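Report on the following structure.
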Amino acid sequence: MKFHFAAALALGFSGAAFAHHSFSMFDMDKDVTLEGSVIEYRFGNPHSHIIIKVPAGKAQAEYAGNWDVEGGSATIMRRQGWSRETFKPGDGIKIVGHPMRDGTKGISLFYAIMPDGTRLYHDIARPKAD
Amino acid sequence: MTTQTSMWLSLVLALPVLTATQAVHAAAAPNVDLSGFWERRDTQGGGSFGGMLASLPKAVLVPDFVPPRAPSTQVDPPSTGKPNAVGVPYIVTTGNCSTSASLNIPFMMTHSTPIDIVQGADEILIVPEMPGAQRIYMDGRAHPATGRVAPTGLGHSVGRWEGNELVVHTVGMSAGGGIPGGGFRTPETELTQRWRLKEGGAQLEVEFTWVDPKIYAKPHTFSLTYFRMPQSTYALEEWCDSGDPLQRQSIVPPKQD
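Those protein sequences? They're chains C and V, same order as listed. Just so you know, the first sequence maps onto residues 1 to 130 in this note's numbering. Just so you know, the second sequence maps onto residues 1001 to 1257 in this note's numbering.
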């Protein structure tokens, strides 16, 4: 079998990002901003999840609907300033994340933008320099 | 021979041994303190966790290399080519829901959470913020015979000081990938890590060199930098319940209004 170097790279990088599971179903090079309200907030291991409702509107019509936002483990996110009380159902929320490749309303959290403008990151990764 | 003469003779005979022992301990205890918590930081702006490693050198693999298949903790349902229906989860694990299931080198060294170094004269522990720790034996022992070691993600590590540089040699790692730059490892793969402080001790550089003639056309070398965390830093507990179905799955397409 001829081994393809590109495949090795893909496997390597997906493995590097791997924690509980592969991230290959997310387009990690694409950033999408979602703004809406919190339906459910589960802060825990091995991944935290935030179910959010994005209202239909001109600014984000293509993203309207309910989304499953996947974050990191509680341990990883606590290091970035998150806690069990960061959000509760009904809160407004604005997040930036990497969407699923197949169009499903699921997204890997990059960071949340808090009302005062500060960012709470998923992990140690930071945005690319402009 | 009198008792006094016997005692002196014993001391004289023991001197070379004592001197050798002291030399070993002197070599094992330089004035370098790696103890404490260290974390990686995205100083370049990687854009994502994987992106942080994208600028590292690429591994040069031997032609026709077939990647080893590691035991999977992930049960991916067969892809239908279409998005999952509402309530059907993406990715269901076998139950090894904790990151401990994937505790290995280099994963523990590339993780988002810090490492805690516990430095002793005869042993150094590298404790990630997840269950398990890498033990580096500093007492001069050799690796056990390969056939006597059950491969694990962390393998078997021995270390020595070369001046102010800690040199760690690891073998016996279980088969897998995830090595930055597109590398792989098997139980026969050898890893040498060179740990050195820089910036007055505020940063720790670890140089990784992977050697395995069945995998790499040439040694695969890259470095990662860690930043010393405040002394007040303490470990957070990593836990999960593999019996909880919610913890065994990833994205679940939510119900729409």
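Every residue gets a Cβ at the ideal spot worked out from N, C-alpha and C, and that includes glycine. Remember, predicted model here, so these are calculated numbers, not experimental data.
Chain C within 8 Å of A1023/V, Cβ atoms only: With a pLDDT of only 46 at A1023/V, under the threshold of 50, the placement of this residue in the model should not be trusted, and no figure is reported.
Supposed contact pair M114/C and I107/C - C-beta distance, whole angstroms, cut 8 Å: The Cβ separation is near 18 Å, so there is no contact.
Within 8 Å, strictly: CB atoms of L1224/V and V1206/V: yes
Beta-bridge partners of T1192/V, as assigned by DSSP: H1169/V and T1209/V
Neighbour list for P1083/V in chain C, Cβ cutoff strictly below 7 Å: D102, G103 and T104
Whole-angstrom C-beta distance between F1208/V and D1068/V, which should lie under 8 Å: Note that residue 1068/V is Pro in the sequence shown, not Asp. That belief does not hold up - the Cβ atoms of P1068/V and F1208/V are roughly 18 Å apart, past 8 Å.
Same chain, Cβ closer than 6 Å to E1165/V, five either side skipped, listed in chain order: R1194 and R1196
Status (buried if at least 16 other CB within 10 Å, exposed otherwise) for P1245/V: exposed
Proximity winner among N45/C, V32/C, G36/C and G117/C, relative to I71/C (alpha-carbon distances): Per the sequence presented here, residue 71/C reads as Gly, with Ile not at that position. Nearest of N45/C, V32/C, G36/C and G117/C to G71/C, Cα basis: N45/C.
Run of the alpha helix (DSSP H) containing R78/C, from where it starts to where it stops: A74 to R79
Three-state secondary structure assigned by DSSP to Q1134/V: strand
Start and end residues, alpha helix (DSSP H) containing F1049/V: Neither: F1049/V is in no alpha helix (DSSP H) and is coded neither H nor E.
Helix, strand or coil at Q60/C according to DSSP, with G and I counted as helix: helix
Cβ pair count under 8 Å reaching 3, the stretch 1081-1092 of chain V against the stretch 1147-1165 of chain V: no
Distance between beta carbons of D1042/V and M1052/V, contact taken as under 8 Å: 5 Å
N- and C-terminal bounds of the beta strand (DSSP E) containing T33/C: V32 to R42
Cutoff 6 Å; reference V1167/V; Cβ partners in own chain excluding five residues on either side: R1160 and R1194
Beta-carbon gap between G1153/V and I1105/V smaller than 8 Å: yes
CB contact check: S83/C to chain V, cutoff 8 Å: no
At least three beta-carbon pairs within less than 8 Å, the stretch 26-37 of chain C to the stretch 89-99 of chain C: yes
Cβ-heavy atom distance, L34/C to the ligand HEM, below 7 Å: You won't find the ligand HEM in this model; it holds no ligand whatsoever.
Contact set between G72/C and chain V, taken where Cβ atoms lie within less than 7 Å: S1112
Chain C contact for Y1090/V (CB, 8 Å cutoff): yes
Three-pair Cβ contact test at 8 Å for the stretch 74-94 of chain C versus the stretch 117-124 of chain C: yes
Reference P1030/V; option with closest CA among Q1203/V, T1093/V, R1228/V and D1122/V: D1122/V
Buried or exposed by the 16-neighbour rule on C-beta atoms within 10 Å, applied to P1057/V: exposed
Residue from P1114/V, I1251/V and D1257/V with nearest C-alpha to L1236/V: P1114/V
C-alpha gap between G1178/V and G65/C, whole angstroms: 35 Å
Closer than 8 Å to chain C by CB, V1252/V: yes
8 Å Cβ cutoff, S1174/V in contact with chain A: Going by chain labels, chain A is absent from the structure shown, which instead holds the protein chains C and V.
M28/C, DSSP secondary structure in three states: coil
Three-state secondary structure (DSSP) of T1113/V: coil
Nearest neighbour of T1186/V, chosen from Q1203/V, G1155/V, P1230/V and D1257/V [CA to CA]: G1155/V
Cβ neighbour criterion (16 or more within 10 Å) applied to D1249/V: Note on residue identity: the sequence assigns Gln, not Asp, to residue 1249/V. That one is buried.
Whether P127/C touches G1045/V by CB criterion (8 Å): yes
Inter-residue spacing [alpha-carbon to alpha-carbon] between A1054/V and F1107/V: 15 Å
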